[in-house]
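Reading through the structure tokens given below for one structure.
In this note's numbering, the protein residues as written are 298 to 469.
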């Protein structure tokens, strides 16, 4: 049992490290970075591979730590709202994958549920922060940020996450 805990800790640490590094690969052109959502991939994987506590923790910490270390994403409102979104990703993938059969179709169910609920969490936090700061956050802004600009990243996640999760499940 101790061996599994250490393995989960190591994988979670690697996922956190990927969250810090991957945006450097896509962030040179801001539009590409926001389209590919590079921090989402490791958090989704962390929930699947390490369970909900680690997925939640990595998702909540990654954007805030990256903001503190590199000033990207900007802390308010982007990193704060991303922390909520990514925490939900890790939580939902971890919870659902633990309870559902280890089959490809169920991996997609867990992944899509996490992606939808995480984007809702992001939108709610952005709405709350806009209200607190006297700003605006419209339905059009939500759709643009949560869906339209993220379509390439969503496609990458829908392709890569199930492939990686299935490969790891076969080896364990």
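Think of the CB as a built atom: it goes at the ideal place given N, C-alpha and C, for glycine as much as any other residue.
Whose C-beta lies closer than 7 Å to the C-beta of residue 446 among residues of the same chain, with five residues either side of it excluded? Here the set comprises 331 and 332.
Relative to the C-alpha of residue 351, which residue among 388, 405, 299 and 396 is closest? 388
Since residue 347 is in the alpha helix (DSSP H), which residue starts that stretch and which ends it? 337-347
If you drop the 5 nearest sequence neighbours on each side, which residues of the same chain put their C-beta closer than 6 Å to that of residue 335? 319, 320 and 323
Less than 8 Å between the beta carbons of residue 339 and residue 361, yes or no? Result no, Cβ atoms of residue 339 and residue 361 do not sit closer than 8 Å.
Distance between residue 375 and residue 415 (C-alpha atoms, nearest Å): 14 Å
Can the beta-carbon of residue 385 be found closer than 8 Å to that of residue 359? no
Ordered list of alpha helix (DSSP H) runs contained in the region 365-401, each at least 4 residues: 377-396
Three-state secondary structure assigned by DSSP to residue 418: Assigned with DSSP and collapsed to three states, residue 418 falls in helix.
Please confirm whether residue 390 and residue 344 have their CB atoms less than 8 Å apart. yes
Within 10 angstroms of the Cβ of residue 398, are there 16 or more other Cβ atoms? Answer buried if so, exposed if not. Residue 398 should be labelled exposed.
Taking the straight line between their C-alpha atoms, what separation do you get for residue 373 and residue 420? 14 Å
For the alpha helix (DSSP H) containing residue 464, list its first residue and its last residue. 448-468
Residue 408 classed as buried or exposed, judged by whether at least 16 other C-beta atoms fall within 10 angstroms: buried
Who are the Cβ neighbours of residue 434 in its own chain at under 7 Å, not counting the five residues just before and after it? 423, 424 and 427
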